[in-house]
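In what follows, a single structure is set out as structure tokens and then discussed.
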Amino acid sequence: MKLYFVRHGKTEWNLDDRLQGVKDSPLLPQSYEDMKKCGQALKEIPFKAVYTSPIKRAKETAEGIVSQFDYDVPMYERPGFVELSFGDLEGEKFLTAKETFPNEMFYLRNHPDKYDPSAFNGENYDSMIKRSTTVVKEAIEDNETGPLLFVGHGAMLIACMRTLLGVPIERIREVEGMLDNNSVTVLSFNDGEFTLDDWNNTDFLS
Numbered sequence: 370m371k372l373y374f375v376r377h378g379k380t381e382w383n384l385d386d387r388l389q390g391v392k393d394s395p396l397l398p399q400s401y402e403d404m405k406k407c408g409q410a411l412k413e414i415p416f417k418a419v420y421t422s423p424i425k426r427a428k429e430t431a432e433g434i435v436s437q438f439d440y441d442v443p444m445y446e447r448p449g450f451v452e453l454s455f456g457d458l459e460g461e462k463f464l465t466a467k468e469t470f471p472n473e474m475f476y477l478r479n480h481p482d483k484y485d486p487s488a489f490n491g492e493n494y495d496s497m498i499k500r501s502t503t504v505v506k507e508a509i510e511d512n513e514t515g516p517l518l519f520v521g522h523g524a525m526l527i528a529c530m531r532t533l534l535g536v537p538i539e540r541i542r543e544v545e546g547m548l549d550n551n552s553v554t555v556l557s558f559n560d561g562e563f564t565l566d567d568w569n570n571t572d573f574l575s
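The numbering used here numbers the first residue of the sequence shown as 370 and each following residue consecutively.
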């Protein structure tokens, strides 16, 4: 079974390097063009279902992609696919958060296994990984065949997919594991094992 994962389009807060989490900010005008290009790149794939975060920036990206398809496909919102919550820091610039919580912000991006967001009421990686991987596994159980499309958020998708691929938590934020906005990553699921086919593909945007 083929599993396709897309990160939402770039937003105003992405542009400002602000922590978004479960709060939202508008997609940039270019993002609407990019999601259509993504849809054009994926339109020949006969998806059985689409699963998206209910947060607007992800849901709009999913809808923009599907709008380019020549067939109807069911779309499901999954709360377990929302972004990592940054609690009281959501909306803050990363540099400002880094000044106030230098250790936490370093661990956020470099050592997820040591990241403790309790000081600002955020969510830890273990919680996010559990809920997001559950969404993927339940989607596989609900569909006898694929392919399936998932649309979500940067930190969540990185942690979810790399965990499914067997990468330990301390390594999930390594440089080769980053994701661009509107990028497509493809995993295969066979005999209980996840394998990587393509990571962070943005060729269709050029």
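Beta carbons: idealized from backbone N, C-alpha and C, even for Gly.
In the structure shown, Thr-554 adopts extended strand secondary structure according to DSSP, grouped into three states. Per DSSP, reduced to three states, the secondary structure at Arg-542 is coil, with no helix or strand assignment.
DSSP places Asp-495 in the helix class (H, G or I) of the three-state scheme. Asp-495 and Pro-537 have their C-alpha atoms spaced approximately 11 angstroms apart. Cβ atoms of Leu-388 and Glu-461 come within 8 angstroms of each other, at about 6 angstroms. Per the DSSP secondary-structure output, Leu-565 pairs in a beta bridge with Leu-556.
Under the 10 Å beta carbon count, Ser-575 is surrounded by fewer than 16 other beta carbons and is classified as exposed. Among the bridge pairs identified by DSSP, Asn-570 is matched with Val-553. Less than 8 angstroms separates the beta-carbon of Phe-450 from that of Val-504.
With fewer than 16 other beta carbons inside 10 angstroms of its own, Ser-436 counts as exposed.
By the Cβ criterion, the segment 441-448 is in contact with the segment 412-424, since at least three pairs of Cβ atoms, one from each stretch, lie closer than 8 angstroms. Secondary structure at Leu-548: coil, using DSSP grouped into helix, strand and coil. Looking at Glu-513, Ile-498, Ile-509, the one whose alpha-carbon comes closest to that of His-522 is Ile-498.
Distance from the CA atom of Leu-556 to the CA atom of Phe-438, rounded to whole angstroms, is 21 angstroms. The straight-line gap separating the alpha-carbon atoms of His-377 and Leu-411 is approximately 15 angstroms. DSSP places Gly-515 in the coil class of the three-state scheme, outside both helix and strand. Leu-453 sits in coil when the DSSP states are folded into three classes, being neither helix nor strand.
Of the other Cβ atoms in all chains shown, 16 or more fall within 10 Å of the Cβ of Ser-422; this residue is therefore buried.
Taking the CA atoms as reference points, Met-547 sits about 12 angstroms from Val-553. For Arg-376, the enclosing beta strand (DSSP E) starts and ends at 371-376.
In the three-state reduction of the DSSP assignment, Lys-462 falls in the strand class. Counting only residues of its own chain and dropping the five nearest sequence neighbours on each side, Asn-550 has a CB closer than 6 angstroms to the CB of Arg-376, Gly-378, Lys-379.
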